[in-house]
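Residue numbers for the sequence shown follow this note's numbering, beginning at 11 and rising by one. Built from N, CA and C at the ideal position, the CB exists for glycine as well. First up is the structure itself, then whatever we jot down about it.
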Amino acid sequence: MYTQRQVKLVETPSERVGNLLEQLRLPALDFEGLYTGKNKLTPLEILELFLREELGLKTARQNVLRRRRARLPTEKSLEAFDFGFQRSVSKEQMLRLSDMTWIEQAYNVCFLGPPGVGKTHLALTLGTKALDLGYTVAFETLDNLMKLLKTEEISNSSKHRLKYLRKASLTLIDEVGFMPLSPQEANLFFGFISGMAECTSLIITSNKGFDEWAEFLGDATITTAILDRLIHHCEILNMTGNSYRLEHRKSIT
Numbered sequence: 011m012y013t014q015r016q017v018k019l020v021e022t023p024s025e026r027v028g029n030l031l032e033q034l035r036l037p038a039l040d041f042e043g044l045y046t047g048k049n050k051l052t053p054l055e056i057l058e059l060f061l062r063e064e065l066g067l068k069t070a071r072q073n074v075l076r077r078r079r080a081r082l083p084t085e086k087s088l089e090a091f092d093f094g095f096q097r098s099v100s101k102e103q104m105l106r107l108s109d110m111t112w113i114e115q116a117y118n119v120c121f122l123g124p125p126g127v128g129k130t131h132l133a134l135t136l137g138t139k140a141l142d143l144g145y146t147v148a149f150e151t152l153d154n155l156m157k158l159l160k161t162e163e164i165s166n167s168s169k170h171r172l173k174y175l176r177k178a179s180l181t182l183i184d185e186v187g188f189m190p191l192s193p194q195e196a197n198l199f200f201g202f203i204s205g206m207a208e209c210t211s212l213i214i215t216s217n218k219g220f221d222e223w224a225e226f227l228g229d230a231t232i233t234t235a236i237l238d239r240l241i242h243h244c245e246i247l248n249m250t251g252n253s254y255r256l257e258h259r260k261s262i263t
């Protein structure tokens with residue numbers, strides 16, 4: 011004779027399915043309720059509901075992972091940008107770029123201008139929008155990119171990061187031109203840009219116009235080769251004006 015406790019150990023089919031889903035880390039659904047409720051569903055409809063639930067969870071997990079791997083310093087939006095202060099770039103231009111269709115054609119975007127005019131902010135708005143649309147995105151400063159390239163052969167972490175940069179739908183390189191590059195670094199930068207040409211879209215921010223790039227690259231031939239690949243299919247936004255940070259600086263009160 012079974013005791014009350016023993017009877018409770020017998021699982022219903024719904025409970026067994028629930029346990030299997032938990033072990034597989036799949037979404038739990040009230041299958042019994044869906045099948046026997048007032049608006050009961052057919053087995054095929056239940057399967058569809060389950061698959062849609064799993065797809066939603068998988069998409070959410072992928073979104074979190076893509077954002078973590080992108081390594082954007084912060085996510086930005088056009089709504090937070092002061093187009094009244096920065097008039098050399100229009101909101102209409104940025105809205106057009108924000109449709110991100112140029113990524114499918116491996117086009118590039120370059121923001122050029124002095125420090126503080128909003129180059130990085132606008133670059134990050136495009137990076138954020140690309141993430142929202144499901145693209146893979148990667149961000150690095152040029153200084154950190156050089157560290158990765160110089161240690162690629164001896165560091166697995168550098169190798170894996172560079173692999174992600176090269177395979178991303180959109181790669182952002184910030185602060186190009188702030189510091190001069192050594193001959194070795196200039197060659198590494200050329201190799202990186204050359205390998206990305208017409209395969210991955212690039213967003214470049216630089217405090218120097220293209221006519222000044224030879225100064226920090228230190229080699230006119232390499233400069234020409236880099237620019238030839240970079241601006242062949244490229245939207246160039248030349249930004250002017252005063253530094254937003256200096257104009258809106260706050261002092262300790």
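**Request:** Determine the extent of the alpha helix (DSSP H) in which I164 is found, giving its start and end residues.
**Result:** Where I164 is concerned, there is no enclosing alpha helix (DSSP H), because DSSP gives it neither an H nor an E.
**Asked** Could you give the C-beta distance for D229 and P193, rounded to a whole number, given that I count them as a contact under 8 angstroms?
**Response** Indeed, because the Cβ distance is near 7 angstroms, the residues count as touching under 8 angstroms.
**Asked** CA-CA distance, L247 and E85?
**Response** Each residue's alpha carbon lies about 20 angstroms from the other.
**Message:** Here's the rule: buried if 16 or more other CB atoms are within 10 angstroms of the residue's CB, otherwise exposed. What is S211?
**Reply:** Around the C-beta of S211, 16 or more other C-beta atoms lie within 10 Å, and the residue is accordingly described as buried.
**Request:** State the start and end residues of the unbroken beta strand (DSSP E) segment that holds N118.
**Result:** N118 to L122 is the extent of the beta strand (DSSP E) around N118.
**Request:** Helix, strand or coil for D109, going by three-state DSSP, please let me know.
**Result:** When DSSP states are grouped into helix, strand and coil, D109 belongs to the coil group.
**Prompt:** Cα separation between D153 and S168?
**Reply:** D153 and S168: Cα-Cα distance of roughly 14 angstroms.
**Asked** What are the boundary residues of the beta strand (DSSP E) that L212 is part of?
**Response** Annotation for L212: the continuous beta strand (DSSP E) segment containing it runs S211 to S216.
**Asked** So, are the CB atoms of R76 and F149 less than 9 angstroms apart?
**Response** Contact annotation: R76 and F149 have beta-carbon atoms that are not nearer than 9 angstroms.
**Request:** Just the C-alpha distance for L240 and A133, rounded to the nearest angstrom, thanks.
**Result:** Note on geometry: alpha-carbon atoms of L240 and A133 lie some 16 angstroms from one another.
**Prompt:** Which of helix, strand or coil does DSSP assign to A178?
**Reply:** In the three-state DSSP reduction, A178 falls in the coil class, being neither helix nor strand.
**Message:** Quick check: the Cα distance between M7 and T130, rounded to an integer number of angstroms?
**Reply:** Residue 7 is absent from the structure shown; the chain starts at 11 and stops at 263.
**Message:** Under 8 angstroms: does the beta carbon of G144 sit that close to some heavy atom of the ligand ADP?
**Reply:** As presented, the structure is devoid of all ligands, the ligand ADP included, so that no description of it is given.
**Message:** Check for me: the alpha helix (DSSP H) holding V99 runs from which residue to which?
**Reply:** In the DSSP assignment, V99 falls outside any alpha helix (DSSP H), carrying neither H nor E.
**Prompt:** Using the rule of at least 16 other Cβ atoms within 10 Å of the residue's Cβ for burial, across every protein chain shown, is T135 buried or exposed?
**Reply:** With 16 or more Cβ atoms within 10 Å of its Cβ, T135 is classed as buried.
**Message:** For I203, which residues in the same chain have their Cβ closer than 7 angstroms to its Cβ, ignoring the five residues on either side in sequence?
**Reply:** Only I236, R239 and L240 meet the Cβ criterion.
**Message:** So for F149, helix, strand or coil by DSSP?
**Reply:** DSSP places F149 within a strand segment (E or B) once states are collapsed to three.
**Prompt:** Using the rule of at least 16 other Cβ atoms within 10 Å of the residue's Cβ for burial, across every protein chain shown, is L111 buried or exposed?
**Reply:** Strictly speaking, residue 111 in this sequence is Thr, with Leu absent from that position. Exposed is the call here.
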